[in-house]
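Colleague: Residue numbers (the numbering used here): 57 to 369. Right, I'll just put the structure down here and ask away after.
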C-alpha cells in the first residue's frame, strides 16, 4: 500500500524538511499504529516488554521518495494479512479484528486520529488514555500555527488532514479518561472459550472482563475455574467510563479475603448508625463478625438490636 504525506505552509523552503520534524512524525506513526494494533488484539494499547520480531515486521513503514519542489513524502507499507502472525480472537473486539487483515500501520494511524476527532463514534473502545497521549506527541511536528499535515492513500479514498488546533480536542478527550488504576477484586472465574487469555469474572456487581498479563500462565487460572478467587492487576479505562483489566496475580479466596476487596459501606446507614433489619443488614453484620471472630465471640449487642429499628425515622 502506498501513501502520501504532505506538509503545507511549512517553515522550511524549497520542499526541504527538518530531520527533527521528520523523526517526530515517523515515531508518532510507529507508536500510534502499534498501540492501535495492540488495542485490537488485547483491548489496551500499552504493551510492556520487548516486541516480537514478527510484530516489528508487521509495523514496518518505508520512506520511498520525496517529490521535488514540494514537501510530499511517499510512504509504503504492507497489509497485516501478509505480515501479521495468526492471533487469538477477542470476543469483545470481533468487528475490529475481522477488519484487521485488510489494515496496515498507516491505515490504523489514520483511523485512530479520526476516532479521536469524531464528535460521536461507537468505536471509541478502540481508544484509551496511553494511545491518546501518543497522538498528542505529533503536535511537536508542527512549527507554525497554520501548518497542515495530510496523509492520503494512493487512490485518494482515505485521507486525514491534521491541524494544530485538533490537538486541543484530543487533550479534552484524554482528560476525561481516568489514569490506569491498580485494582483488587474477588469473584468466580469464568474463562471464555474463545481465548485462554481472555477472562470473565463474576462478581456481586456483575461481570468484569480482563486478560492475563504475559507473566501469568493460563494454567494458573484454569485450576480456579468456578471458584471464588482474588484478582490483582491494573484497570485501563476507555472513553465513556468502560474499562478492561490486565490480571497480574490470582489466588483462591480464603476466609475473610473478600472483605478486603469490598466497600464496607452497606453495613452502615447513611448517618453512620446501625441499620434496620428490614433489608437483612443486621443479619449481615452478625455473619460478618462470625466470619472474623467465630460464633462464640460475636458481639452480643447485635442480638439486642430492635427488629424494626430504622435510623431514618
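Ideal Cβ placement from N, Cα and C applies to all residues, glycine included.
#1: Let me know if residue 238 comes out buried or exposed under the rule of 16 or more other beta-carbons within 10 Å of its beta-carbon.
#2: For residue 328, count neighbouring Cβ atoms within 10 angstroms of its own Cβ and tell me buried if that reaches 16, exposed if not.
#3: Hey, out of 83, 90, 115, 244, whose CA is closest to residue 132's CA?
#4: Helix, strand or coil for residue 263? Go by DSSP, reduced to three states.
#5: Should the region 74 to 81 be called in touch with the region 151 to 168, which here means at least 3 C-beta pairs below 8 Å?
#6: Give me the residue from 296, 228, 243 with the minimum Cα distance to residue 277.
#7: Let me know the secondary structure DSSP gives residue 152 once reduced to three states.
#8: Put residue 69 into one of helix, strand or coil per three-state DSSP.
#9: Please classify residue 184: is it buried, with 16 or more other beta-carbons within 10 angstroms of its beta-carbon, or exposed?
#10: On a CA-only basis, which of 113, 129, 181 is nearest residue 138? Give me that one, please.
#11: Is residue 76 helix, strand or coil by DSSP?
#12: Could you check where the beta strand (DSSP E) with residue 285 kicks off and where it finishes?
#13: Report the rounded CA-to-CA distance for residue 209 versus residue 218, giving the unit in angstroms.
#14: Would residue 300 and residue 91 qualify as a contact pair, given that the criterion is a beta-carbon distance under 8 Å?
#15: Could you check where the beta strand (DSSP E) with residue 219 kicks off and where it finishes?
Modeller: Looking at the atomic coordinates:
#1: Numbered from 1 along the chain shown, position 182 holds the residue referred to as residue 238. Classification for residue 238: exposed.
#2: Against the chain shown, residue 328 aligns to sequence position 272. Unreliable positioning characterises residue 328 in this predicted model, as indicated by a pLDDT of 37, which lies under 50. The coordinate reading is nonetheless provided below. It counts as exposed.
#3: Residue mapping note: residue 132 aligns to position 76 of the chain shown, counting from 1. The shortest Cα separation from residue 132 among 83, 90, 115, 244 belongs to 115.
#4: Walking along the chain shown from the start, residue 263 turns up at place 207. Three-state result, residue 263: strand.
#5: no
#6: Looking up residue 277 in the chain shown gives position 221. Answer by Cα proximity: 243.
#7: Numbered from its first residue, the chain shown carries residue 152 at position 96. Three-state DSSP puts residue 152 in a helix.
#8: As a working mapping, residue 69 is identified with position 13 in the chain shown. Residue 69: coil per DSSP, three-state reduction.
#9: Taking the chain shown and counting its residues from 1, one reaches residue 184 at position 128. So residue 184 counts as buried.
#10: Counting from 1 along the chain shown, the entry for residue 138 is found at position 82. Nearest C-alpha to residue 138: 113.
#11: For the purposes of this step, residue 76 is taken as residue 20 along the chain shown, with counting starting at 1. DSSP places residue 76 in helix when its eight states are reduced to three.
#12: Counted from its first residue, the chain shown places residue 285 at position 229. Start and end: 284 to 293.
#13: Here residue 209 is taken as the residue at index 153 of the chain shown, counted from 1. Here residue 218 is taken as the residue at index 162 of the chain shown, counted from 1. In a straight line, the C-alpha of residue 209 is about 15 Å away from that of residue 218.
#14: Translated into positions along the chain shown, residue 300 becomes position 244. Translated into positions along the chain shown, residue 91 becomes position 35. No. Outside cutoff.
#15: In the chain shown, residue 219 corresponds to position 163, counting from 1. Run containing residue 219: 215 to 219, per the beta strand (DSSP E) assignment.
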